[in-house]
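See structure below.
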Amino acid sequence: MKTKFIFITGGVLSSLGKGLAAASIGALLKARGLTATIQKLDPYINVDPGTMNPFQHGEVYVTDDGAETDLDLGHYERYLDVSLNQNNNFTCGRIYHSVITKERRGDYLGATVQVIPHVTDEIKQAVLGVAKGEDVALIEIGGTVGDIESLPFLEAIRQLRSELGSENVLYIHLTLVPYLKAAGEVKTKPTQHSVKELRSIGIHPDIILCRSEVELEESIKRKIALFCDVDRDAVFTSVDVESIYEVPLKFYQEGLDQKIAILLKLPAKNCDLQPWKDLNYKLKNPKSETTIGIVGKYVDLKEAYKSLHEALIHGGVANDVAVKLRYVNSEEITPKNVKAKLKGLDGILVPGGFGSRGVEGKITAIQYARENKIPFFGICLGMQCAVIEYARNVLGLAKANSEEFDKDGPDSVIYLIKEWYDYRTKKTECRCEDSDKGGTMRLGAYPCKIVEGTKAMDAYGKPEIQERHRHRYEFNKEGYAANFAEGGLIFSGLSPDETLVEIVEIPEHPWFVGCQFHPEFKSTPMNAHPLFRDFIKAARDNK
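Per the working numbering, residue 811 is the first one in the sequence shown, and the count goes up by one each step.
Right under this line is the structure:
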C-alpha cells in the first residue's frame, strides 16, 4: 500500500488543539493496525524553539536524537507510543537555512532562488522523507490559515495532492465554532470564512473538524457542510472534554476514523480501543487523591510544563490516584512564608528552567521539603537547586551556588559542563562560555548507570537506562563528590564513565530524588515513567 498523507490545518485562531487532534487521529489509525508517523511543520523563522521564551512558545520538547522541538511532539509520542526525531519537526527557519545553504553551495546552478519552487520543494522533501515505509503520515501545519508565514507550507501541501494523487492525500481543517452563551447558539460564520480562505489558496478540505464548547446539532453540521462544500458526514465535532485522553474515544464515537478510512481507501480493520477505555476508566475512578506542588517560575503559562503535567497524571494512573496539581510561583517564596505557600502539599516538584530569577525561592521550597520529610522530586535545574540547598544547609558551604547564578562564587557545586562524550556520535563534545546558545546544550538521550540499593534502582529495576537531557550545567563531581558522600546525599545514577552525576537522593528521607535529565519526556499514559510512578506513590503514602 502506498503511504497515505493526512494534512491537518487550523483556522479562525491558534491553540485550537491541532496537535491533540493529530495525535488522536494517529492513535485511532494505530488502533486499526496501521503504521503511522506524524510531523509538525512550524511557520516561525526560528531554526528551532530552543532559544524561545517559554512564555511565548511553551515547553521545548526534546527527542532521543537531541532535537529541540515543538511541544506537540510530546503529544505525538505519548498518544502513538513512538520515539520521534528531528525529521518530525521542521520550522520555516530550518527550511530557509537549508535552501540558503544549498544556494551558497551552488546546488541551484545559478538559478534565481524563489519561494516557488525552491522553498516549497524543500518542504515537500521534508514531508516525503518522514513518511517512508509508513502506512499513514499525519502532517500538522502550525499557525492559522491566513497567516503570511504559513503560505509556503500550504502551497507545498497543495502541490503534493496533484503529485501523489487525490486518493493518497486527505485535508482535515480544524476550526472554531464559538458558542454564544448570551444568545444560546453557536455561530458558523468564522468557519465559513476560514474555509473560504483555505480554498482561495487552492486547498479544498475533505473533512471539517469543529472545535466547540457544545455538541453541534445536526442542523448546524448540515449548514457547515452546505456552505463549506463538503459531505454532511465529513463534518465532525471536537467538543471540549474533561481529560485530553478522552479525545480518541470521542473521535471514534463520531466516526472520524471510519470516514478517513473510506476517503483514503484504507484496509477495513476493527479499532481496538480497550487500552484507551481502561485508561479513561482509571482517570474517572481513582481510589485516592494526592496534591502535588509544582514550584517554578513559568507557572503563569501551564504550557511551559506540559509534559511534566502529563507525566504526573500518568503517575497517578499507575497508582489509581487522582493527582491534583498546584502551581506555586517560586519568586513569591521566602523563608518567612514558605510554610503557608506549601501548606497542604503531599509532594513537591521543582522542574527545570534557566536563569537566576526565582532560584532562591526554589531552594527555600526544597529545604522545607527535606526538613519536613515531604516527598520531593527535582528535575534538571530542580536537581541542581537540591544540591545547592544541601551544600548550604547540611554541609555548611554557606555560599554554595551554581556558576550560572554566581560565576565567581567560592563554592560552585554546579558548574558549566565543558566536555562530555556523546555515545551516539562517538565523539567528545566541547563547549565554552562563549558558545552559541542554540543547539549547544547536552541534548538528547544518554545512558545512565543505576546504583544498587537505591530508590532509583527500586524505580527502574535495571542497572542501565537511557534518559533525555537538556542542560548546560552539571554537578561539580570532581570538586565536591567527597563532601556530599560524607554528608549523606548519594549519587544513585552516573554516566557510564562515572564522570557525570545523573541522579542524587537522600536515603534517610521518605522520597527525595533529583535527576539531571527530563524523565517527563519518556512517560506515556499507558506506561508511566518509573520515577513519576514512585514519586506519586510516595506522595500518596505521605497523606
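We put the CB at the ideal spot given by N, CA and C, even for glycine.
What you are looking at is a predicted structure, and each value in this text was computed from that prediction instead of being measured.
Considered as a whole, the stretch 1121 to 1159 harbours 1148 to 1151 as its complete alpha helix (DSSP H) runs of no fewer than 4 residues, in chain order. Closest in alpha carbon position to residue 1258, among 1277, 979, 950 and 820, is 1277. Secondary structure in the stretch 1251 to 1303: the alpha helix (DSSP H) runs of 4 residues or longer, each lying completely within the stretch, are 1265 to 1270 and 1287 to 1297 in chain order. Taken atom to atom, the span from the alpha-carbon of residue 1196 to that of residue 844 is near 45 Å.
Under the three-state reduction of DSSP output, residue 1172 falls in the helix class. DSSP places residue 947 in the strand class (E or B) of the three-state scheme. For residue 1053, no alpha helix (DSSP H) run applies, since DSSP gives it neither H nor E. Minimum Cα-Cα distance from residue 1119 among the listed residues 1145, 1159 and 1080 corresponds to 1159.
Ranking 883, 1351, 1141 and 1090 by CA distance to the CA of residue 1184 puts 1351 first. Taking each of 1214, 1346 and 846 in turn and checking the Cα distance to residue 1320, the smallest one comes out for 1346. When only Cα atoms are considered, residue 1124 and residue 912 end up about 44 Å apart.
Counting along the chain, residue 930 sits inside the alpha helix (DSSP H) bounded by residues 930 to 940.
Here DSSP, grouped into helix, strand and coil, assigns residue 1166 to coil. Nearest to residue 840 by alpha-carbon distance, out of 878, 1068 and 869, is 1068. In the DSSP secondary-structure assignment, residue 1229 is bridged to 1240.
Contact between residue 1027 and residue 1046 fails: their C-beta atoms lie close to 13 Å from each other, not under 8 Å. CA-CA distance, residue 1114 to residue 992, rounds to 33 Å.
Taking a C-beta distance under 9 Å as the contact criterion, residue 860 and residue 950 do not qualify as a contact pair.
Pairwise C-beta distances place the stretch 969 to 983 out of contact with the stretch 849 to 856, as fewer than three of them are shorter than 8 Å. Here residue 1039 is exposed. Its C-beta has fewer than 16 other C-beta atoms within 10 Å. Annotation for residue 1070: no beta strand (DSSP E) segment contains it, though the alpha helix (DSSP H) segment containing it runs 1066 to 1074. In this structure, residue 1103 places its C-beta atom within 9 Å of the C-beta atom of residue 1138. Residue 858 is positioned such that its CB atom lies closer than 9 Å to that of residue 877.
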